[in-house]
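Position 109 (the sequence shown) corresponds to 109 in UniProt numbering; numbering is contiguous. For every residue, glycine included, the Cβ atom is placed at its ideal position computed from N, Cα and C. Reviewing the structure listed below.
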Amino acid sequence: MKVLLTGAAGFIGTAIGARLAEAGHEVVGVDLMLASAHGDSTPPDGVHQLDVREAGSPEWADLLRGTDVVCHQAALVGAGVRVGDLPAYASHNDVGTTALLAAMHDAGVDRLVLASSMVVYGEGRYTCPEHGDQEPPPRSVTALEGGDFENQCPACGRPLGWSLVPEDAGLDPRSSYAASKLAQEHYTSSWVRQAGAGAVALRYHNVYGPGMPRDTPYSGVAAMFRSSIERGERPQVYEDGGQVRDFVHVDDVARANVLALEQVVAEQAPRFAAYNVCSGTPVTILDVARQVSAGTGSGIEPEVTGQFRPGDVRHVVASPARASAELGFTAAVGPATGLAAFATASLRA
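Here's what the structure looks like:
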């Protein structure tokens, strides 16, 4: 199987490429090398430095020739720190994906695995003991400023409990990054119908592991916590630290990609499918900070700041059931061991 891997020099792309090579597959890597993720470093040997937004160029046509499947990891990541980030997300994530899909069609490549994200769900799934499943509206800035971080039941006003989010849940992106990821899925599903193609979208939860970029607001929160500790500073935990998430190790993400790539190439019938890629072990953000700190042996305790970002959601935790049943994927690394090991793993400068 020949795989064209975009975003090949990123920490997720690097792990996927290594796993594919171990499985005996041919990998052709491409990466734009955005400064926010790579600094001023040069592409690794064998990785072509090309812009996916220019996928209609002759250079891309040469790379796509003879390719069986594209593994599209290239993206601008992060929470959308500034309103000014909107054009960059639309350009890199959405224009780039559509350019790639058009170029794939021209080259006769009709199989794709797309790196998506749990952010497409917006808020997670919530239930009220009295009124059942509820869809809370975005939390008000007034409530957040007053330290009221939980979602309340629209019917009775009591705090809602969270439950696992399946892939068929409603999609409600609440940040610029989230909107761009959902657009990627929509363009991909449209391409599947128009081109008679096959695609799998893997909705990553909070990915962490060796090779993450350090000291950037566009990095993952686990890396930001660790960078703070390395500077001798207390990790800054927003809200009250009780936000529940799922943290999945990059090795598990790489394994899920290989399973999805092999599956989508083997299938004959066109289809679009989405799968949660998660550890299946929920953890609070405060516990993440504590586990990373404990792994360093520094004794530095996190600081719960009460600060908030209006685009953040309170709780979102995925169901791993469909990925297990249909993709054969179950995470092997839980956050208790993975986050402690991550505390001393190598990061990208």
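Please report how far the alpha carbon of residue i lies from the alpha carbon of residue j, in whole angstroms.
i, j, result
"Ser116", "Leu76", "12 angstroms"
"Pro159", "Pro58", "56 angstroms"
"Trp60", "Gly338", "37 angstroms"
"Val277", "Val113", "13 angstroms"
"Gly198", "Trp162", "33 angstroms"
"Ala318", "Asn206", "11 angstroms"
"Val90", "Glu54", "Val is not the amino acid found at residue 90; the sequence shown has Ala there. Distance between the alpha carbons of Ala90 and Glu54: 15 angstroms."
"Ala269", "Ala195", "12 angstroms"
"Ile300", "Met104", "49 angstroms"
"Gly147", "Gly132", "25 angstroms"
"Ala332", "Val250", "11 angstroms"
"Phe308", "Gly280", "26 angstroms"
"Thr284", "Tyr208", "15 angstroms"
"Ala179", "Val292", "30 angstroms"
"Glu230", "Phe11", "20 angstroms"
"Phe329", "Leu171", "23 angstroms"
"Thr321", "Leu327", "A quick correction: the sequence has Ala, not Thr, at residue 321. Their backbone Cα atoms lie some 10 angstroms apart in a straight line."
"Phe149", "Phe225", "21 angstroms"
"Val95", "Leu259", "27 angstroms"
Compute the beta-carbon to beta-carbon distance between residue i and residue j, rounded to the nearest angstrom, for a pair I have assumed lies under 8 angstroms.
i, j, result
"Val264", "Arg139", "About 37 angstroms; that fails the 8 angstroms criterion."
"Arg348", "Arg214", "7 angstroms"
"Val3", "Asp68", "7 angstroms"
"Thr6", "Gln73", "6 angstroms"
"Gly232", "Val304", "Contact flag wrong, Cβ pair sits at about 19 angstroms."
"Val47", "Ala9", "5 angstroms"
"Val237", "Ala289", "5 angstroms"
"Ala341", "Gly295", "7 angstroms"
"Leu261", "Cys71", "6 angstroms"
What residue range is occupied by the uninterrupted alpha helix (DSSP H) comprising residue i?
i, result
"Pro87", "86 to 89"
"Ala15", "11 to 22"
"Gln184", "176 to 195"
"Thr127", "Note, Thr127: premise wrong, no alpha helix (DSSP H); beta strand (DSSP E) at 125 to 128."
"Leu144", "141 to 145"
"Ala222", "221 to 230"
Hey, could you find the ends of the beta strand (DSSP E) residue i is sitting in?
i, result
"Arg203", "198 to 204"
"Ala273", "271 to 277"
"Phe247", "244 to 249"
"Arg290", "No beta strand (DSSP E) contains Arg290, which is instead part of the alpha helix (DSSP H) from 285 to 296."
"residue 350", "Outside the displayed span of the chain (1 to 349) sits residue 350, for which this structure offers no information."
"Val333", "Taken as a continuous stretch (DSSP letters only), Val333 belongs to no beta strand (DSSP E), as it is neither H nor E."
"Val3", "2 to 6"
"Ser163", "161 to 163"
"Asp133", "132 to 134"
inquiry  = Would you call the stretch 14 to 24 in contact with the stretch 241 to 261, where contact means no fewer than 3 C-beta pairs closer than 8 angstroms?
reply    = Counting Cβ pairs under 8 angstroms, three or more are found: they touch.
message = Using 8 angstroms as the cut-off, can you tell me whether the stretch 305 to 320 makes contact with the stretch 163 to 176, which would need three or more C-beta pairs spanning the two stretches below that distance?
response = Because the criterion of three Cβ pairs below 8 angstroms is met, the stretch 305 to 320 and the stretch 163 to 176 touch.
request  = Check whether the stretch 195 to 215 touches the stretch 272 to 289, taking contact to mean three or more Cβ pairs, one atom from each stretch, closer than 8 angstroms.
outcome  = Under the three-pair Cβ rule at 8 angstroms, the stretch 195 to 215 counts as touching the stretch 272 to 289.
message = Which runs of the beta strand (DSSP E) at least 3 residues long sit entirely within the stretch 36 to 116? Give them in chain order.
response = Qualifying beta strand (DSSP E) stretches, in chain order: 69 to 72.
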